[in-house]
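Input: a single structure, listed below in structure tokens.
Below is the structure:
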């Protein structure tokens, strides 16, 4: 059975559904799912953007609500078969400035969802968007799922705590949850208003605007990027297979790249822009994790997942998308248009 | 220099200061510290009990306040040299029933303290009371500090998150924190109103009341207990030595014991009571961690700590204490007397 068939005639809830990962996932399910419900708070600086669903807005339901709103969440989870739980505060730096806000969204918001499911829908399969940030500085690369988790920022701690919440609820209350520890991801539909989440997309904006990309230090740290379509497929694969219950999976590209080379690739793909190297700012240096390369052999061996879109192709697609739809992503107020 | 000299003429703040660990720690500092401030919310079912400081109440300051009260916390941390951060929700089972409350105290309460120190006293040395519950089911015994942390309950997740908060603040904001991952601890001044925290002390009450101790399953799981005086010394040692900054340390007894044999030791020490074996209740079984034996060689090698009071002596001292002061601990309302 093809993994997409698991979603045939099913009801799917996506938190953060108007954001980057959520809206790409929604699009991938349009021809298969019976109902797609996008739950998103459209918090101004965050990734939610109604333009992300412009081409298929009549085929999905949208709930504008915060994950921390228990009343709305209780209603939203009723009767759904799958929940892709992607909503969150995603800025490393912001989590260090306002740790309470990060905790409230990334810990409490996830508990609200889990409690809603425990009370109203224990059968829903929940796929949680974890993050590479949970590992912190690596003892070895490539990092596998057994590597200890010692995040360097509050965001990483809270994302890790929420992953544990999911697995504990799944085990203790006979529910179904798994976690994808997502790599750096880039591609169409990412917010482009600032560089606090998803630096690669921000660099694409700078390059397209013929701007100067600032590289901290020597840029020799290794990074590992996935194109969004590959991440979407990983979400759908893990939700489709019962052996994923209580499991965690890394994603990765298999093609580690030096940060500085990535910048050069971006400039090539955009056909404009330049870069300069500057010293590490203090607030970034203290939470910087050094080299990051993921071992994704677990998901490859168990589910047959591997990335299909590599940097050159992915960057071209991304640049093409934003050249076409720049006006929908560059403006600070764009995402809140209803 | 003796470790106690590090506290000479110093100001010491103890959160959870009217509880089991906090009040024993306060007593140990009476002859040395310049000022001892006990910060405690006296939440009814928790461990705070004013009788715990009956013998030295004129030598300490008491602030009755919740760690989540930022205004009171901001004032409390000003000018102190050491903070033993012990306050918390400590019931595994309760954390599964009301995860929001556990998160609010064990995550947010600790962030309130750390933010207070970041803003008003970055020089305070903070010693956090972590827990063996952070590890979850063990891959190997004895468990050392490098063992991965995969808690089986929400309490364990939130205690672990707060330990990370401490270490992240310490590293990112030039502060000073360390964590003791405390073993099961028993001894005088523990609350005796219910068995949800510290099962060994609860068994001591049952035995002293000539009651029946219920042992779940075969009782063959291994446990590792420390007498409170040894834990107090560990706190004082870690706070006294600058090499402990950003470090975590396990405590342990070096004398693992089967749960069932522990029960027999309690009955012997009390000279009364009996036990029966019953099947595991579902709510306990799902969060049960199996064998737990700690490797405490790190604190032994680095600080020379090792336990000095073993089970027979410790149980005798504990039974003697509660025989004498039973009326101050058995009553549900006793702890709130002011």
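Chains as they are written, first to last, in this note's numbering: chain X, 15 to 352; chain D, 15 to 352.
Every residue, glycine too, gets a C-beta built ideally from N, C-alpha and C.
Notebook entry, point to check: Taking the alpha carbon of residue 89/D as the point to measure from, which residue in 27/D, 149/D, 280/D and 116/D has its own alpha carbon closest?
Noted result: 27/D
Next item on the list: Decide if residue 350/X is buried, meaning its Cβ has at least 16 other Cβ atoms within 10 Å, or exposed.
Entry: Per-residue confidence for residue 350/X stands at a pLDDT of 42, beneath the threshold of 50, marking its modelled position as unreliable; the derived number appears in the next sentence. The residue is exposed, with fewer than 16 neighbouring Cβ atoms inside 10 Å.
Notebook entry, point to check: Under a three-way DSSP split, which group does residue 328/D fall into?
Noted result: Residue 328/D falls in the helix class under three-state DSSP.
Notebook entry, point to check: At a Cβ threshold of 8 Å, is residue 175/D touching chain X?
Noted result: yes
Item checked: Span of the alpha helix (DSSP H) around residue 317/X -> 311-317
Margin query: Check for me: the beta strand (DSSP E) holding residue 193/D runs from which residue to which?
Written below: 190-196
Note to self: Using C-beta distances below 6 Å, list every residue in its chain close to residue 104/D, excluding the 5 sequence neighbours before and after it, in chain order.
What the structure shows: 211
Check: Would a check of beta-carbon distances place residue 121/D closer than 8 Å to chain X?
Finding: At least one chain X Cβ lies under 8 Å of residue 121/D.
Check: Would you call residue 122/X buried or exposed, if buried means 16 or more other Cβ atoms sit within 10 Å of its Cβ?
Finding: buried
Check: Taking 8 Å as the CB-CB limit, is residue 48/D close to chain X?
Finding: no
Next item on the list: Within its chain, find whatever has a CB closer than 6 Å to the CB of residue 49/D; leave out the 5 residues flanking it on each side and keep chain order.
Entry: 25
Note to self: Please state whether the Cβ-Cβ distance between residue 108/D and residue 116/D is less than 8 Å.
What the structure shows: yes
Checklist line | Neighbouring residues, chain D, relative to residue 210/X (Cβ below 9 Å) | finding: Using a Cβ-Cβ cut-off of 9 Å, residue 210/X is close to nothing in chain D; its nearest Cβ partner there is about 17 Å away.
Next item on the list: Using 10 angstroms around the beta-carbon of residue 113/X, count the other beta-carbons present and answer buried if the total reaches 16, otherwise exposed.
Entry: By the neighbour-count criterion, in which a residue is buried when 16 or more other Cβ atoms sit within 10 angstroms of its Cβ, residue 113/X is buried.
Next item on the list: Determine which residues of the stretch 101-128 of chain X have a Cβ less than 7 Å from any Cβ of chain D, and write them out in chain order.
Entry: 110, 113, 114, 117, 121, 122 and 125
Checklist line | Alpha-carbon to alpha-carbon, residue 278/X and residue 270/X | finding: Taking the CA atoms as reference points, residue 270/X sits about 15 Å from residue 278/X.
Next item on the list: Go to residue 169/X, then tell me how far its alpha helix (DSSP H) extends in each direction, as first and last residue.
Entry: Start and end: 168-186.
Margin query: Please give me, in chain order, every unbroken run of the alpha helix (DSSP H) with length at least 4 that falls completely inside the stretch 61-96 of chain X.
Written below: 84-91
Item checked: Beta-carbon spacing of residue 100/X, residue 36/X below 8 Å -> Contact flag set, yes.
Margin query: Please return the same chain residues whose Cβ sits closer than 6 Å to the Cβ of residue 250/D, not counting the five positions on each side in sequence.
Written below: 17
Note to self: Please report the distance separating the alpha-carbon of residue 268/X from that of residue 310/X.
What the structure shows: 8 Å
Notebook entry, point to check: So which residues on chain X does residue 166/D lean against when the C-beta distance must stay under 9 Å?
Noted result: 182, 185 and 186
Next item on the list: Compare the C-beta of residue 356/X with all C-beta atoms of chain D and state if any pair is closer than 8 Å.
Entry: Because chain X spans 15 through 352 in this model, residue 356/X falls outside it and cannot be assessed.
Item checked: Residue range of the beta strand (DSSP E) that includes residue 54/D -> 49-54
Check: Would residue 301/X count as contacting chain D if we go by Cβ distances under 8 Å?
Finding: Yes, contact with chain D.
Check: Using DSSP with H/G/I as helix, E/B as strand and the rest coil, what is residue 288/D?
Finding: strand
Margin query: For residue 337/D and residue 207/D, I'd like the C-alpha separation in whole angstroms.
Written below: 15 Å
Margin query: Under 8 Å, Cβ to Cβ, is there at least one residue of chain C near residue 172/D?
Written below: Looking for chain C here will not work: the only protein chains present are X and D.
Next item on the list: Take the Cβ of residue 58/X as the centre, count every other Cβ of all protein chains shown within 10 Å, and call the residue buried at 16 or more, exposed below.
Entry: Counting Cβ neighbours within 10 Å, residue 58/X comes out exposed, since fewer than 16 surround it.
Item checked: Integer Cβ distance of residue 239/D from residue 197/D, believed to fall under 8 Å -> With a Cβ gap of about 7 Å, residue 239/D and residue 197/D count as contacting.
Checklist line | Residue-chain proximity (residue 162/X, chain D), Cβ-Cβ < 8 Å | finding: yes
Item checked: Nearest neighbour of residue 31/D, chosen from 20/D, 45/D, 79/D and 15/D [CA to CA] -> 79/D
Item checked: Buried versus exposed, by CB contacts within 10 Å (16 or more), residue 111/D -> exposed
Next item on the list: Note down, in chain order, each residue of its chain lying with its Cβ closer than 8 Å to the Cβ of residue 266/X, except the 5 sequence neighbours on either side.
Entry: 156, 197, 238, 240, 307, 308, 309, 310 and 321
Note to self: Between residue 186/X and residue 301/D, how many whole angstroms is the CB-CB distance? I'm expecting something under 8 Å.
What the structure shows: 7 Å
Margin query: According to DSSP, is residue 272/D part of a helix, a strand, or is it coil?
Written below: DSSP, read as helix, strand or coil, puts residue 272/D in strand.
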